[in-house]
Amino acid sequence: MKIAVCLRRVPDTTAKIVIGASGSSIDEAGIKFVPNPYDEYAVEAAIALKEQAGAGETVVVGLGGDTVQETLRTALAMGVDRAVHLQGAPSADGLENARVLADHLRGGGYDAILFGKLAVDDYGQQTGAMVAELLELPCATAITKLVVADGRASVEREVEGGVEPASCALPAVFTCDKGLNNPRLPSLKGIMAAKKKPLEITPVTVAAGGVTIVSLALPPERAAGRIVGEGAAAVPALMQLLTAEAKVI
Amino acid sequence: MGVVLPVRHQVPLPDTLIQAVPPSPEAIELDVLIVGAGPAGLACAIQLAKTSPDLAIGVLEKAGSLGEHSLSGAVINPVALRALFPDKRDDEFPFRQSVSGEAVYFMTESGSSRIPTPPTMKNHGNFTVSLCELVRWLGLQAETLGINIFPGFPAESLLVDGQRVIGVRTVTGGLDRGRNPTDMFQEPTDLVAKVVVLAEGTRGPLAQAWRDWQKVGSENPQIFALGVKEVWDVAKPLDRVIHTMGWPLPRDAFGGSWCYPMGPNQISIGLVVGLDYHDAGLDVHESLQRLKLHPLFRPLLEGGTMVEWGAKTIPEGGYYAIPSRLSGDGLMMIGDTAGFVDVPSLKGIHYAMESGMLASATIATALGNQGTGDAQSLAAYDRAVRESRIVRDMHRTRNMRLAFKDGFVGGAMKAGLMTLTGGAFPGGRIDMPADAAAPREMQPRQPFVPDNVLTFSKVDAVFKAGNATRDTIPSHLIVGQDISGDVADFYAHLCPAGVYERDGDTLRVNPPNCVDCKATDVVGPRWTPREGGSGPKYRLM
Chain A
1 MKIAVCLRRV PDTTAKIVIG ASGSSIDEAG IKFVPNPYDE YAVEAAIALK EQAGAGETVV
61 VGLGGDTVQE TLRTALAMGV DRAVHLQGAP SADGLENARV LADHLRGGGY DAILFGKLAV
121 DDYGQQTGAM VAELLELPCA TAITKLVVAD GRASVEREVE GGVEPASCAL PAVFTCDKGL
181 NNPRLPSLKG IMAAKKKPLE ITPVTVAAGG VTIVSLALPP ERAAGRIVGE GAAAVPALMQ
241 LLTAEAKVI
Chain B
250 MGVVLPVRHQ VPLPDTLIQA VPPSPEAIEL DVLIVGAGPA GLACAIQLAK TSPDLAIGVL
310 EKAGSLGEHS LSGAVINPVA LRALFPDKRD DEFPFRQSVS GEAVYFMTES GSSRIPTPPT
370 MKNHGNFTVS LCELVRWLGL QAETLGINIF PGFPAESLLV DGQRVIGVRT VTGGLDRGRN
430 PTDMFQEPTD LVAKVVVLAE GTRGPLAQAW RDWQKVGSEN PQIFALGVKE VWDVAKPLDR
490 VIHTMGWPLP RDAFGGSWCY PMGPNQISIG LVVGLDYHDA GLDVHESLQR LKLHPLFRPL
550 LEGGTMVEWG AKTIPEGGYY AIPSRLSGDG LMMIGDTAGF VDVPSLKGIH YAMESGMLAS
610 ATIATALGNQ GTGDAQSLAA YDRAVRESRI VRDMHRTRNM RLAFKDGFVG GAMKAGLMTL
670 TGGAFPGGRI DMPADAAAPR EMQPRQPFVP DNVLTFSKVD AVFKAGNATR DTIPSHLIVG
730 QDISGDVADF YAHLCPAGVY ERDGDTLRVN PPNCVDCKAT DVVGPRWTPR EGGSGPKYRL
790 M
């Protein structure tokens with residue numbers, strides 16, 4: 001099987017975010033960046049699919065500035081065979097990024113193309129499905145189970161109150177959700193091997209597209225919790241606050 | 250309240266730190282393995298990669314990312330950076346700013362008087378830095394030289410063959426509290442190398458175990474101080490480097506505070522206390538909280554925000570605590586691990602880097618021409634250190650910290666005479682017991698309640714260290730037997746991160762809170778290496 005994974009680099013979810021001077025992007029100084037957690041499920045799924053097939057190739061593709069190479073190396077350290085860095089500034093318009101990715105992936109002979117279901121920084125949730133559409137491939141989003149046999153994929157999606165099984169012919173595009181697998185940690189051997197794996201750099205131009213980020217703002221700070229008392233004696237006061245102040249009952 | 254004698258409740262180091270077993274057949278083979286990616290380890294790796302590009306060099310680091318366990322004040326002397334990167338200009342180094350002014354104060358509870366800056370504490374020509382940022386920057390330089398850096402892989406034990414160190418085994422990851430494997434299980438990896446360089450930082454467990462095993466002593470035992478530090482975003486820039494002595498520390502404790510400018514809108518503030526203090530209830534974190542409310546500091550912080558908190562010990566024994574040997578068969582010690590800190594000038598980073606560079610020169614020669622890294626070839630490093638600025642500076646101030654063991658006033662007078670005589674007064678060596686041998690007694694104290702604006706509890710502080718250690722991790726702390734209520738109280742006040750609590754007359758331990766400061770390893774429960782990426786995630790310390 002030949003499998004591609006598209007990988008994003010995002011701020012660590014515990015990083016303290018500061019809005020940059022432009023007001024429409026974050027200040028990246030001092031922030032630790034990590035592979036997008038949902039993309040790690042996709043990387044793990046790709047490695048596992050190839051292991052199960054016993055042959056094939058896994059390729060990780062990242063669009064962005066040079067710093068994305070560090071993220072691609074992490075995927076190589078986990079076990080992906082080679083990496084492609086599409087070198088260029090991504091657009092705020094998901095469709096333009098999807099076009100660049102689709103142009104690269106088209107004709108690559110991939111049996112499956114995997115994404116995370118969303119990137120935890122901008123929550124766009126567009127790129128995977130758009131790439132599928134541009135490549136005219138079937139697409140299953142937010143999958144929590146993936147089984148491949150006889151040229152077809154069976155997947156499960158978690159929907160409100162239950163599970164939705166689905167299946168499609170390969171090649172196809174999948175976006176991966178939490179629960180699909182436990183991404184492996186890079187081993188020491190993996191980290192050393194990653195340094196020697198091929199990382200191809202392809203300059204690309206991403207069109208501006210039709211979306212402009214007007215401004216970014218941080219969510220309001222959560223008010224501190226309050227302890228109203230202890231034991232049964234505190235219940236009336238708590239009820240009073242929940243009805244009168246918080247208005248949740 | 251009884252007297253607590255810490256050494257009585259301390260267990261010996263676990264014997265698992267030295268493993269006389271053959272390495273796994275899958276072991277990674279390197280020429281040089283450095284344990285610890287701090288300023289010492291990275292300077293060693295960078296210099297070695299420049300002079301001997303054919304050597305396979307690896308650096309293990311217990312923090313999840315580079316710099317996340319590094320903490321210092323810090324005002325840095327730039328000499329070592331300039332020597333390591335002769336082609337770079339000062340403005341290419343990750344300094345926060347140059348020192349533009351300095352002031353030293355003697356503090357009382359309500360006031361402060363400026364005193365002349367002791368000659369050893371003059372900082373003209375030095376720069377303030379965040380050590381985290383410096384380490385991250387050094388890591389980038391090392392990566393471009395092809396050095397293998399492995400963050401998130403702590404060394405658990407030294408692998409030895411006869412008297413020779415042949416490698417390191419990493420910590421097993423993904424175990425539950427009962428040490429059973431979970432689905433995150435990560436088996437240990439063996440790394441073998443011709444030379445293992447211990448750059449573990451302060452109070453390194455492998456260095457302690459190796460010295461016990463090889464019977465490498467020192468004239469005085471190493472002694473330590475605990476520093477607690479906060480970084481604040483502030484509205485107004487600070488115009489000078491501040492150091493204080495006196496309050497809030499009792500007169501029989503050695504230590505002081507600092508406040509450094511970190512650019513136009515950030516400052517660092519911290520308090521350091523020698524761990525030979527006598528009051529069993531002395532609490533460095535709490536003392537720092539009180540200090541911030543003092544009229545000297547309060548105006549600097551008001552309206553600002555505490556953005557990061559951390560704690561770390563500092564080896565303070567100086568010249569007489571330097572190990573009698575710094576190298577052996579297949580092993581070398583550099584940086585804080587070897588105790589290269591000059592307390593009177595409050596400097597260690599450039600000595601750490603210089604010791605790493607001296608080690609690299611010895612390794613380059615020792616491994617050239619098919620050398621094996623035997624004890625004889627590595628002993629050149631011992632000689633180089635003895636002839637270097639490191640030992641020269643530490644010798645000049647050899648008795649200064651020791652003079653303070655019985656109190657501040659007499660100590661200050663003696664230290665003054667030592668400065669005047671270039672270290673010749675009082676002649677000989679002041680004998681210093683280990684910190685754990687100093688008896689403690691609880692003194693009466695005022696309760697302290699944090700206001701959550703300027704002052705914070707230990708629980709809130711640990712959150713600001715970025716500590717997100719897995720709750721189900723096995724305990725890495727080894728507590729002694731028969732811990733009375735008094736001892737539990739002593740530990741609870743000692744630990745800045747709230748790992749220890751007194752619960753009735755027993756001790757409760759919360760290992761995930763630990764920020765690897767190593768304070769209790771010095772005078773209480775032992776610290777052992779734990780799963781990679783545990784502990785703090787400092788960005789600004």
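Residue numbers (this note's numbering), protein chains in the order written: chain A, 1 to 249; chain B, 250 to 790.
Glycine included, each C-beta is placed from N, C-alpha and C at the ideal position.
Model, not experiment: these values are computed from the prediction.
Review point. Between which two residues does the alpha helix (DSSP H) harbouring B:Phe434 extend?
Key: Unbroken run through B:Phe434 is the beta strand (DSSP E), Pro430 to Gln435; no alpha helix (DSSP H).
*Bridge partner(s) assigned by DSSP for A:Gly116*: Paired residues: A:Cys176.
Verify the contact flag: B:Trp459, CB atom, against every heavy atom of the ligand NAP, threshold strictly below 7 Å. The ligand content of the structure shown is nil, which means the ligand NAP is not present either.
For a cutoff of 8 Å on Cβ pairs, would you count A:Ser22 as touching chain B? At a cut-off of 8 Å between C-beta atoms, A:Ser22 does not count as an interface residue with respect to chain B.
message: Taking the alpha carbon of B:Arg757 as the reference point, which residue from B:Arg678, B:Cys744 and B:Lys767 has its own alpha carbon closest?
response: Closest option to B:Arg757, judged by alpha-carbon separation, among B:Arg678, B:Cys744 and B:Lys767: B:Cys744.
Query raised in the report: Taking Cβ to Cβ, would you say B:Pro513 is nearer than 8 Å to B:Pro548?
Result: When the beta-carbon positions are compared, B:Pro513 and B:Pro548 stay at least 8 Å from each other.
| said: Please list, in chain order, the residues of the segment 163-197 of chain A that have any C-beta partner in chain B closer than 8 Å. | reply: Answer set for the segment 163-197 of chain A: Asn182, Leu185, Ser187, Leu188, Lys189, Ile191, Met192 and Lys195.
- Item | Meets three-Cβ-pair contact criterion under 8 Å: the segment 391-409 of chain B and the segment 360-379 of chain B | No, the segment 391-409 of chain B is not in contact with the segment 360-379 of chain B.
* Asked: Per DSSP, which one or two residues make a beta bridge with B:Ser362?
  -> B:Ser362 is bridged to B:Phe355.
Q) Terminal residues of the continuous alpha helix (DSSP H) containing B:Ser573? A) Note, B:Ser573: premise wrong, no alpha helix (DSSP H); not H, not E.
- Please name the residue, chosen from B:Gly350, B:Val590, B:Asp432 and B:Ala652, that lies closest to B:Pro510 on a Cα-to-Cα basis. Nearest C-alpha to B:Pro510 among B:Gly350, B:Val590, B:Asp432 and B:Ala652: B:Gly350.
Name the two residues that bound the continuous alpha helix (DSSP H) containing B:Ala298. It spans Pro288 to Thr300 - the alpha helix (DSSP H) in which B:Ala298 sits, taken as one unbroken run.
Notebook entry, point to check: Does A:Lys32 come within less than 8 Å of chain B when only Cβ atoms are used?
Noted result: A:Lys32 counts as touching chain B.
- How many Å lie between B:Leu726 and B:Arg452 at the Cα? Cα to Cα, B:Leu726 sits roughly 14 Å from B:Arg452.
*What is the residue span of the beta strand (DSSP E) that B:Ser517 lies within?*
That run of the beta strand (DSSP E) goes Gln515 to Gly523.
Is A:Ala46 near A:Leu114, with beta carbons less than 8 Å apart? In this structure, A:Ala46 places its C-beta atom within 8 Å of the C-beta atom of A:Leu114.
Practice task
Using alpha carbons as the reference points, say which of B:Lys478, B:Ser733, B:Ile472 and B:Leu408 lies closest to B:Pro272.
Solution key: Measuring from the Cα of B:Pro272, the nearest candidate turns out to be B:Leu408.
*Supposed contact pair B:Gln259 and B:Gly729 - C-beta distance, whole angstroms, cut 8 Å*: Taking the Cβ atoms as the reference, B:Gly729 lies roughly 6 Å from B:Gln259, within the contact range of under 8 Å.
Q) Hey, is B:Ser273's beta-carbon within less than 8 Å of any beta-carbon in chain A? A) Not an interface residue.
message = Extract the residue ranges of the beta strand (DSSP E) inside the segment 85-165 of chain A, only unbroken runs of 3 or more that lie entirely within it.
response = Whole beta strand (DSSP E) segments, 3+ residues: 112-116, 139-149 and 152-159.
* Under 7 Å between beta-carbons, which chain B residues line up against A:Thr67? List them in chain order, please. => Chain B residues near A:Thr67: none, gap ~11 Å exceeds 7 Å.
* Asked: Mapping DSSP to helix, strand and coil, what is A:Val80?
  -> Three-state result, A:Val80: coil.
DSSP on B:Arg257, reduced to helix/strand/coil?
-> Look at B:Arg257 here: in three-state DSSP terms it is helix.
Identity of the residue in B:Asp765, B:Pro774 and B:Cys766 nearest B:Glu750 by Cα
For B:Glu750, the nearest C-alpha among the options comes from B:Pro774.
* Asked: Based on the DSSP output, what are the partners of B:Ser506 in its beta bridges?
  -> Per DSSP, the beta-bridge partners of B:Ser506 are B:Thr493 and B:Leu520.
What's the gap between the Cα of A:Tyr38 and the Cα of A:Ala232? Taking C-alpha positions only, A:Tyr38 is separated from A:Ala232 by approximately 43 Å.
*Comparing the C-beta of A:Thr71 with each C-beta of chain B, is any distance below 8 Å?*
Output row for A:Thr71: interface = no.
Pairwise C-alpha distance: B:Val698 and B:Thr704: If you draw a straight line from the Cα of B:Thr704 to the Cα of B:Val698, it is about 8 Å long.
Starting from the Cα of A:Glu133, find the closest Cα among A:Ser22, A:Arg152 and A:Gly94 and give me that residue. Residue A:Gly94 is the option with its Cα nearest to A:Glu133.
Checklist entry - Could you give the distance in angstroms between the alpha-carbon of B:Pro274 and the alpha-carbon of B:Ala661? => result Whole-angstrom Cα-Cα distance: 58 Å.
Which full runs of the alpha helix (DSSP H) of 4+ residues lie inside the segment 706-761 of chain B, going along the chain?
Complete alpha helix (DSSP H) runs here, min 4: 707-713 and 734-743.
- Applying a beta-carbon distance threshold of less than 7 Å, which residues of chain A neighbour B:Thr668? In chain order: nothing, as chain A lies at least about 39 Å away.
Residue of B:Gln346, B:Lys786, B:Arg418 and B:Ala629 minimising C-alpha distance to B:Glu557: Restricting attention to B:Gln346, B:Lys786, B:Arg418 and B:Ala629, the CA atom closest to the CA of B:Glu557 is found in B:Lys786.
Original post:
Name the DSSP beta bridge partners of B:Ala442, please?
Top reply: In the DSSP assignment, the residues bridged to B:Ala442 are B:Leu279.
message = Taking the alpha carbon of B:Asp680 as the reference point, which residue from B:Ala664, B:Gly316, B:Tyr600 and B:Gly566 has its own alpha carbon closest?
response = If we check each option's Cα against that of B:Asp680, B:Gly566 comes out closest.
The beta strand (DSSP E) that contains B:Lys561, what's its start and end? Where B:Lys561 is concerned, the enclosing beta strand (DSSP E) stretches over Thr554 to Pro564.
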